[in-house]
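Undergrad:
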Amino acid sequence: MTDEVNAEVGTNPVGTVDNGDPQEADKAEIEALMEKALSSEKALNALIATSGLNQAKQDKLRSAVGDLFRVRWQQQVLISHACGTLSDKESSGKETKDKVLYSQAVAKGSDRDRSRSRSKKQFNVIIYPKKDQNSDNTKKDIQSKISPSKISVRVNSVKNIKKGGILINTPSEEDIDKLIDEFKKTDSLFQNYEISKPKLFNPSIVIFQVDEQLTQEEVLEGLKIQNEDLAEATLEACTSFKVKTGENWIISLDQDSFQKIIAKKKLNLYWNRLSFKENLRVIQCFKCARYGHIAKNCTDTEYREGQILCLNCGEKGHKFSDCQNSPNCINCQKHNLKFKSKFKVDHSASDPHCKIREKEVDLQRSRIDYGIQE
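Residue numbers are given in full-length UniProt numbering: position 168 of the sequence shown equals residue 168, and the series is strictly consecutive.
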């Protein structure tokens, strides 16, 4: 089992071919015609080989036949794409009519019971110590010398990050600027810490079960040629990884193109219509169940010596797959004890609807530049 859990890169991806497409029969017929064309090409090449012509003429004939069939293949790809486009227009007219920005769609998300809007843009500042120390000491020092109430700064959260740093999340650019100004006025902080606004990343998507025979160039070219909303997109292939059927590709794209496609369900790519979703790098440790690091980098002394923590019930000594207990989220349980909150705990620590996980998802989204000012 891998240490790195990325729930946003779909466990249980759906099939690559859209069997509910009303044009599916046409696509099947096109594929059958292509098979016949390939058989014909092989037969012609066999005849050329036994024609008695010299090698130069044989090569010339093979080249002409190859060119002919390449043109036919390109035509069939365009026809297949046209079928998919027509199907989209027939089945998603309402989607086009009711098209909304991604930020609005996220705000309406029915899959989460939230007390605050997920579309609300947030802003971060990161602080790193200039000398070696842990994040808890950094947080304690900063909080002892800066009072948010005195400088009218709103703080959403303070999160420990690597290298002894902390990430402070606020709801506005103004809050961040006030915090940085106050930090620079405090000599003991300015001399011992570095403060900066983290760079925001472009949004990215994960496309499921791409044909593993396709190269990176073919994937990027196919996405732009076969999907109208991506024709002018700036695409970058971040990585790919094998799954049971094909490969999952993570593609970074510009904000405008992301806004155009994110409400859709599928993208055209060669002979398939593939499911995709936003890619968010949510990392969870299998030793302590907390987010933001993997097991090999876990600093929790309680689990450092190889102790196994069950992510289902929160008890030690057995794996999730062997657990016979009822779900009990150790992350929500600890949060309730520390902050007197009332989060439900009747779920596993890896449940996609866990409140602590939702906070981590929000944090990851706050690091992405969606190109929307709110």
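Note that beta-carbon positions come from the ideal geometry of N, C-alpha and C, so glycine has one too.
I'd like to know whether the C-beta atoms of cysteine 329 and phenylalanine 343 end up nearer to each other than 9 Å.
TA: Yes, Cβ-Cβ distance for cysteine 329 and phenylalanine 343 is below 9 Å.
Undergrad: Leaving out five residues before and five after threonine 270 in sequence, what residues of the same chain have Cβ atoms less than 6 Å from its Cβ?
TA: Looking at the sequence provided, one finds tyrosine at residue 270 rather than threonine. These residues qualify, in order along the chain: Gly222.
Undergrad: Return the chain-ordered ranges of every beta strand (DSSP E) run that is complete within the region 116–200 and spans a minimum of 3 residues.
TA: Within the region 116–200, the complete beta strand (DSSP E) runs of at least 3 residues are 123–129, 157–160, 166–170 and 193–196.
Undergrad: Where proline 352 and isoleucine 195 are concerned, what is the direct C-alpha to C-alpha distance, given to the nearest angstrom?
TA: If you take the alpha carbons of proline 352 and isoleucine 195, they lie about 32 Å apart.
Undergrad: Could you say which of Val65, Ile142 and Ile205 lies nearest to leucine 235 if we only look at CA atoms?
TA: For the residues Val65, Ile142 and Ile205, the minimum Cα distance to leucine 235 belongs to Ile205.
Undergrad: Using a threshold of 9 Å, state whether the C-beta atoms of asparagine 248 and valine 210 are closer than that.
TA: It is a contact, given that the beta carbons lie within the stated cut-off.
Undergrad: Using alpha carbons as the reference points, say which of Gln143, Cys313 and Ile161 lies closest to valine 153.
TA: Cα-wise, what sits closest to valine 153 is Gln143.
Undergrad: Mark isoleucine 166 as exposed unless 16 or more other C-beta atoms lie within 10 angstroms of its C-beta, in which case mark it buried.
TA: That one is buried.
Undergrad: Name the two residues that bound the continuous beta strand (DSSP E) containing lysine 266.
TA: Here the beta strand (DSSP E) through lysine 266 covers 266–269.
Undergrad: Below 8 Å on the Cβ atoms is my contact criterion, and I expect lysine 145 with leucine 189 to pass it. Report the Cβ-Cβ distance as a whole number of Å.
TA: About 6 Å separates the two Cβ atoms, so the contact holds.
Undergrad: Taking its Cβ as the centre, do 16 or more other Cβ atoms sit within 10 Å of lysine 287, making it buried, or is it exposed?
TA: Label assigned to lysine 287: buried.
Undergrad: With DSSP run on the structure shown, which of helix, strand or coil describes glutamate 236?
TA: If DSSP states are grouped into helix, strand and coil, glutamate 236 belongs with the strands.
Undergrad: For serine 252, which residues does DSSP report across the bridge?
TA: Paired residues: Ser204 and Glu236.
Undergrad: Just list the residues that DSSP pairs lysine 291 with in beta bridges.
TA: Note on residue identity: the sequence assigns tyrosine, not lysine, to residue 291. Gln284, per the DSSP bridge assignment.
Undergrad: Measuring CB to CB, does asparagine 227 end up less than 9 Å from leucine 267?
TA: Yes, these two residues count as a Cβ contact at 9 Å.
Undergrad: Would DSSP call isoleucine 225 helix, strand or coil?
TA: In the structure shown, isoleucine 225 sits in a helix (DSSP, three-state: H, G or I).
Undergrad: Restricting to Cα atoms, I'd like to know which of Val158, Asp175, Pro148 and Cys310 is closest to serine 326.
TA: When only C-alpha atoms are compared, the closest one is Cys310.
Undergrad: Can you check which of these residues, Leu44, Leu363, His335 and Thr239, is closest to glutamine 216 by C-alpha distance?
TA: For glutamine 216, the nearest C-alpha among the options comes from Thr239.
Undergrad: Let me make sure I understand the geometry here. Which of Pro203, Ala43 and Leu337 has the alpha-carbon closest to that of aspartate 369?
TA: Taking only the C-alpha atoms, the option nearest aspartate 369 is Pro203.
Undergrad: Between the alpha carbons of isoleucine 151 and glutamate 360, how many angstroms are there, rounded?
TA: Isoleucine 151 and glutamate 360: Cα-Cα distance of roughly 27 Å.
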